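Novice: Its first residue numbered 79, the sequence shown is counted upward by one per residue in our numbering.
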Amino acid sequence: MKSSVPARRRRRQWTQRAGFALLTLAAVVTTAPIVLIVAVILRRGLAALTPEFLLTFPTNGLRSGGILPAILGTILLTFFMTLVVAPLGIAAGIYLAHYAPDNRLTRAIRVAILNLAGIPSVVYGLFGLAFFVIFFQMGTSILAGSLTLAIMTLPVVITTTEEALRSVPNSFHVVSVSLGGTDWQTVRRILLPQGLPGILTGVILGVERAAGETAPILFTAAAVYLPNLPTSPLDPTMALPYHLYVVSTQVPSMPAEVQYGTAAVLLILVLLMNVIATIIRSRARARRHW
C-alpha cells in the first residue's frame, strides 16, 4: 500500500509534465508563424521606410514615390470609425448588461450580435455600398467607409462591453444602491470605471480589425490613386490595406520593396495603436479595486 502512494505521485508528476509540454508546444506552434511573418515583413520592409517613402505621393504608376495618402487615409478611416463605434457599442453593451430584461427578445438580440461578428467582411462592404454609398448618396467617401467599418466592428465592442460590465462583482452594485445611488450613477461611477479595461479590449480589437480590412473600404471609400489629399469626409481616400492589395496583385513589375514597405507600415501602424491602447488599459486596470 505504501509503495503505491509514490507511484501515484510519480504518475501525477509525469501527467503534469506531459500536459505542460503539450501546452508549451501548442503555444510555440501558434506563435511561431506569427513571429516569422512579422520578422520577414520587417526585415524586408524596414529598408524601404525612408522619409521620401513615408511623406510623398506615389509616382510612376505606384511603382515609386511614397504612400503618404494611404497612411493618412487609413488614419482617417480608423479615427472616424472609432468616433462612431465606441459610443454606440459601449451604450448598447451597458443596456444589455444592466438595463435589458432577461427574456427571449434580449437573448435573441445577443445571438444576433454574435452571428453578426462572424459575417465575412465582404458582405459588410456590399451592405455599405448599397446603404451608404447608393441609398444615402454619400458616394465613395471616407464617411461611407467609416460607417461601414463601424457596423462591422460594432458586435465586437458590444459583446466585450457587456462581458466587462458583467465581470464586475455584484457587491459593487449592491453597495452603491444601498448608499442611495441611482442606476445611472452606479453605471457611470462604479461599473464603467471598473469595467474599463475590458471595454478598451473590445475597442482595441475593433480598431485593429478595421485598420487592416480591405473588402469593406474597397466598395465604399478606397481609390487606387488620388493626386491630392482628402479635404472632406465626403472625399474618397487611399488606404494602406487596399494600396497593399493593388501593388501586390494589380501592378506589373512592381518592386518588392514597395510591397514589403507598405506591409511594414501597416503592421507598425496597427502595432502602435495596440501599444497605445494597451498602456491606457493597463493604467485603468491598475486603478481597479478588485
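By construction, the Cβ of each residue, glycine as well, lies at the ideal position given by its N, Cα and C atoms.
Quantities reported herein were computed from a predicted structural model and do not represent experimental measurements.
Taking 7 Å as the limit between beta carbons, can you name the residues of its chain near SER199, skipping five residues before and five after?
Specialist: MET230, GLU291, ALA293, PRO294
Novice: Where does THR25 sit, in a helix, a strand or coil, going by DSSP?
Specialist: Outside the displayed span of the chain (79 to 368) sits residue 25, for which this structure offers no information.
Novice: Which stretch, first to last residue, makes up the alpha helix (DSSP H) that contains GLY223?
Specialist: Looking at the DSSP string, the run of the alpha helix (DSSP H) that includes GLY223 is 220-244.
Novice: For a minimum of 4 consecutive residues, which ranges assigned as the alpha helix (DSSP H) are wholly contained in the segment 270-335?
Specialist: Segments of the alpha helix (DSSP H) lying fully in the segment 270-335: 270-289, 293-298, 318-327.
Novice: Can you round the beta-carbon distance between VAL162 and LEU103 to whole angstroms, since I take them to be within the 8 Å contact cut?
Specialist: Rounded, the Cβ-Cβ distance is 42 Å, inconsistent with contact.
Novice: So THR340 packs on ILE145, CB below 8 Å; how close in whole Å?
Specialist: 6 Å
Novice: Quick one: grab the DSSP three-state call for PRO136.
Specialist: strand
Novice: Around the C-beta of GLY280, are 16 or more other C-beta atoms found within 10 angstroms, so that it is buried, or is it exposed?
Specialist: By the 10 Å Cβ count, GLY280 comes out buried.
Novice: On the three-state DSSP scale, how would you describe GLY97?
Specialist: helix
Novice: Considering only C-alpha positions, which residue in the set ALA299, SER219, ILE277 is nearest to LEU319?
Specialist: The residue you asked about is not Leu; residue 319 is Pro in the sequence shown. Closest option to PRO319, Cα to Cα, is ALA299.
Novice: How far does the alpha helix (DSSP H) with VAL201 in it extend, from its first residue to its last?
Specialist: Residues 199-206.
Novice: Cα separation between ALA85 and GLY97?
Specialist: 18 Å
Novice: Name the residue from LEU307, LEU207, LEU204 whose alpha carbon lies nearest to the alpha carbon of PRO136.
Specialist: Checked all of LEU307, LEU207, LEU204; the closest Cα to PRO136 is LEU307.
Novice: Taking DSSP's pairing of strands, which residues face GLY144 in a bridge?
Specialist: Per DSSP, GLY144 has no beta-bridge partner at all.
Novice: Could you tell me the boundaries of the alpha helix (DSSP H) in which PHE214 lies?
Specialist: Note, PHE214: premise wrong, no alpha helix (DSSP H); not H, not E.
Novice: Suppose contacts are defined by Cβ-Cβ distances below 7 Å. Is GLY284 in contact with VAL234 by that definition?
Specialist: yes
Novice: Hey, out of LEU322, GLN328, ALA164, VAL116, whose CA is closest to LEU227's CA?
Specialist: ALA164
Novice: What is the rounded straight-line gap between the Cα of LEU344 and the Cα of LEU166?
Specialist: 27 Å
Novice: Using the C-alpha atoms, what's the distance from SER142 back to VAL302?
Specialist: 14 Å
Novice: Rank MET159, GLU130, THR160 by C-alpha distance to the C-alpha of PRO147 and give the top, closest one.
Specialist: GLU130
Novice: Rounded to whole angstroms, what is the Cα-Cα separation between THR218 and LEU312?
Specialist: 8 Å
Novice: For GLY73, collect the residues of the same chain with a Cβ closer than 7 Å to its Cβ; drop the 5 residues on either side in sequence, then sort them by chain order.
Specialist: Past the edges of the chain, shown from 79 to 368, lies residue 73, and the structure says nothing about it.
Novice: Touch check for the segment 172-192 and the segment 121-129: three-plus C-beta pairs under 8 Å?
Specialist: no
Novice: If you reduce the DSSP assignment to three classes, tell me which class ALA104 lands in.
Specialist: helix
Novice: Can you tell me which of the three DSSP states LEU194 falls into?
Specialist: helix
Novice: Since VAL250 is in the alpha helix (DSSP H), which residue starts that stretch and which ends it?
Specialist: It is Phe, not Val, that sits at residue 250 in the sequence shown. Start and end: 248-256.
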